[in-house]
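Here's the structure we're looking at; comments come further down.
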Amino acid sequence: MQTPMDTIKNIPLRTFVLLYKSSPKYVVLASAIVLLIGILPSINILVMIRLIDIVVDLLQNHTHFEYSLLLPTLLLWGALLFLTHVFSGISSSLQIIIAEHFSINIITQLANKLTQVKNLNFFENKDHTIKLNTIHNGLHIRPLNYVSNLFFNLQRIIGLVSLFGILFSISIYLPFIMIFATVPCIFISNHIAKKHSASIDKLQDKKESMQNYLYSGLDNQKNKDNLLFNFMLNFHHKFIENKELYINHFVKIA
1 MQTPMDTIKN IPLRTFVLLY KSSPKYVVLA SAIVLLIGIL PSINILVMIR
51 LIDIVVDLLQ NHTHFEYSLL LPTLLLWGAL LFLTHVFSGI SSSLQIIIAE
101 HFSINIITQL ANKLTQVKNL NFFENKDHTI KLNTIHNGLH IRPLNYVSNL
151 FFNLQRIIGL VSLFGILFSI SIYLPFIMIF ATVPCIFISN HIAKKHSASI
201 DKLQDKKESM QNYLYSGLDN QKNKDNLLFN FMLNFHHKFI ENKELYINHF
251 VKIA
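Read left to right, the sequence shown gives residues 1 to 254 (full-length UniProt numbering).
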């Protein structure tokens, strides 16, 4: 039976829809918090600019440096830093909860797919068993990595957009200067990060495959050892019974 999820061919979109359906309330709440976290650094920049303007005005137009004029701006700056720290902690906790719900949803979808398998030889195939074990082991790490990367990239995009808005409000040339100065660095860092992430994924896949083959081999060896032990135990009992029987017959003949 084909589900609405099966009609979505785009894998990233399909994964995000599955993530959203696993815990819609938490995803919306985490997205709102990430939006705030992405905007707060830009607001901090505005506050710092305002703070610099106040200091310059005090130095130019006042004979005495009045700290009372700086106090409201400093309090606002401190409050923004505190809110950033608090929201970051809340976002991390929500991401862990979302990843757990995501893992449960994936397990449920996988179980529903397996219940539709009519050929029972599928579960007797060693390669299929190893693949299922690999998926099971990856469910402890991969969903959390996906959720963390998703919200981190969303936060970075929001931060860049808000920063461009602030720079554009100051001067029309500042956003273009920032683009030409940072785009090469962004491309280089993203290329390095992708290569590093791909190498880590390959190592993780090799580790999981080796673990599954090792566990499968140990299970087979354990079954062989149990079979050999049972055979030797039965042989020992049969030998004792036959030995006593032969001795009794020999005594009777003698």
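Virtual Cβ for every residue (Gly too), placed ideally from N, Cα, C.
Count the other CB atoms, across all protein chains shown, that sit within 10 Å of the CB of residue i; report buried if there are 16 or more and exposed otherwise.
i	result
MET151	The question names Met, but residue 151 is Phe in the sequence shown. Buried, since its Cβ has 16 or more Cβ neighbours within 10 Å.
LEU69	exposed
PRO12	exposed
ALA64	Reading off the sequence shown, one finds His at residue 64, where the question assumed Ala. That one is exposed.
HIS85	exposed
VAL27	buried
Given a cut-off of 7 Å on the beta-carbon distance, is the pair residue i and residue j in contact?
i	j	result
SER148	GLN95	yes
residue 314	ILE158	As displayed, the chain neither begins before 1 nor continues past 254, which places residue 314 out of reach and without an answer.
ILE166	SER42	yes
ALA99	PRO72	no
LEU40	LEU80	yes
ILE33	ILE97	no
GLN155	GLY38	yes
Can you give the Cα-Cα distance for residue i and residue j, rounded to whole angstroms?
i	j	result
SER93	GLN109	25 Å
ASN10	ILE188	27 Å
SER199	LEU19	25 Å
PRO182	ILE49	The sequence shown places Thr at residue 182, rather than the Pro named in the question. Distance between the alpha carbons of THR182 and ILE49 is about 21 Å.
ASN105	LEU160	33 Å
ASP53	TYR173	21 Å
ARG14	TYR146	13 Å
SER197	LEU29	28 Å
ILE16	ASP201	With the sequence shown as reference, residue 16 is identified as Phe, and Ile is not the correct amino acid for it. Roughly 20 Å between the two C-alpha positions.
MET178	SER171	12 Å
THR115	ILE107	12 Å
GLN60	LYS194	50 Å
LEU74	HIS62	19 Å
PHE180	GLU66	40 Å
PRO184	VAL56	35 Å
ALA111	ILE186	41 Å
As a quick exercise: from the options, pick the residue whose alpha carbon is nearest that of residue i.
i	options	result
PRO175	CYS185, LEU163, TYR67 and ALA111	LEU163
PHE87	SER31, LEU160, ILE49 and PHE180	SER31
PHE102	SER197, CYS185 and LYS21	LYS21
ASN153	LEU114, ASN190 and LEU74	ASN190
GLN204	LEU59, ILE141 and ASP57	ILE141
LEU76	LEU58, LEU51, ASP57 and HIS62	LEU51
LEU83	ASN44, PRO184 and ASN61	ASN44
Q: Return the chain-ordered ranges of every alpha helix (DSSP H) run that is complete within the segment 3–72 and spans a minimum of 4 residues.
A: 11–22 and 24–61
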